[in-house]
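Visitor: One structure is given below, represented as structure tokens, and several questions about it will come after.
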Amino acid sequence: MNFIVEERNQRVFSACFLILIGILMCLFTSFSAGVFVIVCGVMCIVFGCLYVGAYFATLLIHDPYLLMRGFFLLLLGSCILSDPGVFLYVVVFATSLFMMFMGVEELAYAVDLAKLHVKNWWIDLLYSILSLGLGIGIIVVEYTGGNSLAMVVTMAGAFLIFEGVFELVMIYGLHRDYRKTVKFFEQE
12 MNFIVEERNQ RVFSACFLIL IGILMCLFTS FSAGVFVIVC GVMCIVFGCL YVGAYFATLL
72 IHDPYLLMRG FFLLLLGSCI LSDPGVFLYV VVFATSLFMM FMGVEELAYA VDLAKLHVKN
132 WWIDLLYSIL SLGLGIGIIV VEYTGGNSLA MVVTMAGAFL IFEGVFELVM IYGLHRDYRK
192 TVKFFEQE
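Counting with this note's numbering, you get residues 12 to 199 for the letters of the sequence shown.
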């Protein structure tokens, strides 16, 4: 039983941390984007150095792909840190395309659930419409001269807040059901 309580407490802490990070991302969008660029660039350089170092440390195993990955990550990290605007531009479009892809995928899933007469299939339909709308919205904002980067960072923050709240609801709901199940089996 202590294991379950410890797991619940860790998940509650993680969910609250997600909510806090999401709020900070929504409030400080440009700072969040700068931190994201620095973290991505440094991670690429660190992993590139590790791959190159691993290649030269193991001279008995000659894996050219390991060396190529290392050099590619070093080059990518250098490009990210030297011109963060291009990297953020790519991230904006990658995010919008990913959201549109997820929207289409969830739309197909919602249609399948509706055909199977599953209760609450409309939740997936709502999620798919929201994903498609936000993905298209990012591209529209970019091409109309708006600040799509701020929109992406704000949406990411809002998603983290939503994920944290949803995690808290699930934790307390599952913990309540778990306690009911334990009481049921203890009575027998």
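Each residue gets a CB set at the ideal place from its N, CA and C atoms; glycine is no exception.
#1: Do three or more CB pairs link the region 19-26 to the region 161-172 at distances below 8 Å?
#2: Using C-beta distances below 7 Å, list every residue in its chain close to V103, excluding the 5 sequence neighbours before and after it, in chain order.
#3: Taking the alpha carbon of I56 as the reference point, which residue from I91, D135, T106 has its own alpha carbon closest?
#4: Just confirm the distance between the C-beta atoms of Y62 and G81, as a whole number of angstroms; I'd bet it's less than 8 Å.
#5: Quick one: grab the DSSP three-state call for V151.
#6: Can you name, in chain order, every residue of its own chain whose Cβ lies under 8 Å from the Cβ of I34, other than the five neighbours on each side?
#7: Count the other CB atoms within 10 Å of the CB of I49; is the residue buried (16 or more) or exposed (fewer)?
#8: So, using beta-carbon positions, are M110 and L145 closer together than 8 Å?
#9: In three-state terms, what does DSSP make of W132?
Guide: Looking at the coordinates:
#1: Contact between the region 19-26 and the region 161-172 is absent, because fewer than three Cβ pairs lie under 8 Å.
#2: Closer than 7 Å at the Cβ level, and outside the excluded window around V103, lie I149, E153, S159, L160, V163.
#3: Answer by Cα proximity: I91.
#4: About 3 Å; that satisfies the 8 Å criterion.
#5: DSSP places V151 in helix when its eight states are reduced to three.
#6: So the qualifying residues of the chain are G168, I172.
#7: Exposed, since its Cβ has fewer than 16 Cβ neighbours within 10 Å.
#8: At a Cβ-Cβ threshold of 8 Å, M110 and L145 count as neighbours.
#9: W132 sits in coil when the DSSP states are folded into three classes, being neither helix nor strand.
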